[in-house]
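Single-structure report; data block below.
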């Protein structure tokens with residue numbers, strides 16, 4: 004089974020002051036113990052590194068990037084996939100508040116029958132399987 008990690012889950016793992024840190028740590032441990040395939044996509048990689056860089060510093064951002072590249076499978080989105088995500092986002096109703104990064108995760112999870120580890124309520128309300 005494949006599980007994609009969202010920015011909110013990764014940030015909660017890294018930031019001990021995040022309100023979801025404890026739940027993120029226990030969920031991550033469960034995922035590791037279950038030997039599930041852990042994935043991120045290239046959009047999440049960029050977003051989480053930028054978030055950590057500006058909130059917690061360059062050093063931790065670079066350390067986190069190296070950890071993610073070493074420990075996770077990375078799904079690099081190609082030009083055609085990016086265009087498809089943009090098209091889906093453009094066609095969505097105005098009240099749909101998913102970001103482009105969110106759209107990329109929802110699309111991959113749907114296509115690959117994967118789960119998404121997230122604390123983002125917008126993603127949690129999409130028609131996909133989520134953790135925790």
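Numbering (our numbering), first residue to last: 4 to 135. Each residue gets a CB set at the ideal place from its N, CA and C atoms; glycine is no exception.
- Residues of the same chain with a CB within less than 7 Å of the CB of residue 88, apart from the 5 flanking positions on each side, are 103, 106, 107, 110 in chain order.
- Closest by C-alpha distance to residue 44, out of 114, 66, 98, 75, is 75.
- Secondary structure of residue 8 (DSSP, three-state): strand.
- Separation of the CB atoms of residue 52 and residue 27 is rounded to 17 Å, and the pair is thereby denied contact status at 8 Å.
- Counting other Cβ atoms within 10 Å of its Cβ, residue 126 reaches 16 or more and is therefore classed as buried.
- Straight-line spacing of the CA atoms in residue 4 and residue 112 works out to 11 Å.
- Following the DSSP letters along the chain, one finds residue 106 inside the alpha helix (DSSP H) bounded by residues 103-115.
- Its chain contains 5 as the residues whose beta carbon lies nearer than 7 Å to that of residue 115, once the 5 sequence neighbours on both sides are disregarded; these appear in chain order.
- As DSSP reads the structure, residue 132 sits in a beta bridge with 118.
- For residue 38, no alpha helix (DSSP H) encloses it, and the DSSP letter there is neither H nor E.
- For residue 120 and residue 35, the gap between their C-alpha atoms comes out near 13 Å.
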